[in-house]
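Trainee: To start, I am sharing the structure in question, which I have written as structure tokens.
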Amino acid sequence: MLDLQGYGWMLLQGLQMTVLVGLCAMLVAILFGLLGTWGKFSHSRLANWAADTYTTVVRGVPELILLLLVYYGVPKLIQDGAAALGYDMRLDLNPFVAGFLTIGFIYGAFCTEVLRGAFLAVPRGQMEAARAIGMSRTLAFRRVQLPLAMRMALPGLGNVWMVLIKATALISLIQLDELMRKAKLAAIATHQPFTFYFLASLLFLAITLVSMLVLKRAETWAKRGVRT
9 MLDLQGYGWM
19 LLQGLQMTVL
29 VGLCAMLVAI
39 LFGLLGTWGK
49 FSHSRLANWA
59 ADTYTTVVRG
69 VPELILLLLV
79 YYGVPKLIQD
89 GAAALGYDMR
99 LDLNPFVAGF
109 LTIGFIYGAF
119 CTEVLRGAFL
129 AVPRGQMEAA
139 RAIGMSRTLA
149 FRRVQLPLAM
159 RMALPGLGNV
169 WMVLIKATAL
179 ISLIQLDELM
189 RKAKLAAIAT
199 HQPFTFYFLA
209 SLLFLAITLV
219 SMLVLKRAET
229 WAKRGVRT
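Residues in the sequence shown are numbered from 9 upward in steps of one, following the numbering used here.
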């Protein structure tokens with residue numbers, strides 16, 4: 009069981025790819041979350057409708073289906089559209105790019121609701137005070153409202169990260185050499201599925217434990233100077 013037969017380094021390479029995909033996806037998720045939050049608060053009915061549709065549909069459809077639609081369905085759709093116009097083309101998506109963009113897009117819907125609640129929790133008087141001392145609306149948002157909202161959203165965003173990093177295992181289905189795919193290849197080559205899948209689970213657990221420590225330190229830093 010403990011004989012890795014030279015495949016240990018391959019698992020570590022997969023771990024690096026998993027962390028990289030997770031970080032890129034989380035950045036995309038926060039960007040989509042901020043955009044979705046803006047849509048929720050916008051005075052435009054079209055923006056409200058788009059944000060509500062985004063969060064409802066994305067949270068209601070399994071991640072695996074969306075991932076397969078993006079990686080396999082979108083290129084086929086574009087190729088068929090080009091063929092209908094008389095163009096012959098072949099489109100192949102990069103698994104890394106397709107993977108982190110899709111995961112980020114999916115969890116951006118969850119970040120939207122986390123950030124919406126955080127912005128609602130910022131006291132209205134903070135923005136009124138900022139405007140009263142001469143700040144423009146944009147400057148007050150950047151220096152007052154956004155930092156306060158992000159501090160309040162940090163625990164919720166941490167929970168999104170915990171779920172997101174586990175969801176990266178789905179990307180193995182589109183042939184990206186992340187942790188689960190490396191574990192599968194090693195298990196097939198050595199005929200030791202329990203060993204390598206168990207090690208993969210321990211590595212995911214290690215990511216979670218390290219993330220918990222980092223998030224705890226980040227929350228402590230964000231709350232400095234705040235009376236509790």
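C-beta atoms are modelled at their ideal positions from N, C-alpha and C, and glycine is treated no differently.
If you measure from the beta carbon of Ala148 to each beta carbon in chain C, is any gap under 7 Å?
Mentor: The structure shown contains no chain C, having only a single protein chain.
Trainee: Could you name each continuous alpha helix (DSSP H) segment of 4 residues or more that falls completely within the region 61-125, going from the start of the chain to the end?
Mentor: Listed in chain order, they are 71-76, 82-92.
Trainee: State whether the region 20-36 contacts the region 95-109, with contact taken as three or more CB pairs (one from each stretch) at a distance under 8 Å.
Mentor: Verdict: yes, contact present.
Trainee: Taking only the alpha-carbon atoms, compute the straight-line gap between Ala177 and Lys192 and give it to the nearest angstrom.
Mentor: Using only the alpha carbons, I get a separation of about 11 Å.
Trainee: Would you decide whether Thr120 is buried or exposed? Buried here means 16 or more other CB atoms lie within 10 Å of its CB.
Mentor: Result: buried.
Trainee: Any idea if Ser50 is buried or exposed, counting beta-carbon neighbours within 10 angstroms, 16 or more meaning buried?
Mentor: Exposed, by the Cβ-count rule.
Trainee: What are the complete beta strand (DSSP E) segments, minimum 3 residues, inside the region 142-205?
Mentor: Here no run is fully enclosed.
Trainee: Nearest-angstrom Cα distance between Leu76 and Ile182?
Mentor: The alpha-carbon atoms of Leu76 and Ile182 are separated by roughly 8 Å.
Trainee: Kindly list the residues whose CB is nearer than 6 Å to the CB of Val130, restricted to its own chain and excluding five residues on each side of it in sequence; keep chain order.
Mentor: Answer for Val130: Gln153, Leu156, Ala157, listed in chain order.
Trainee: Alpha carbon to alpha carbon, how far is Val78 from Leu19? Give it in angstroms, no decimals.
Mentor: Those two C-alpha atoms are separated by around 27 Å.
Trainee: Distance, Cα to Cα, Gln24 vs Gly41?
Mentor: The alpha-carbon atoms of Gln24 and Gly41 are separated by roughly 25 Å.
Trainee: Closer than 6 Å by C-beta to Met9: which residues in its own chain qualify, once you throw out the five before and the five after it? Chain order, please.
Mentor: Because Met9 sits at a pLDDT of 49, beneath the cut-off of 50, its placement in the model cannot be relied upon, and the point is left open.
Trainee: Please look up how many angstroms separate the CB atoms of Thr45 and Phe127, rounded, as I've assumed it's under 8 Å.
Mentor: Sure, about 6 Å apart at Cβ, within 8 Å.
Trainee: Excluding the 5 residues flanking Ala138 on each side, which residues of the same chain have their C-beta closer than 6 Å to its C-beta?
Mentor: Taken in chain order, the residues that qualify are Ala148, Val152.
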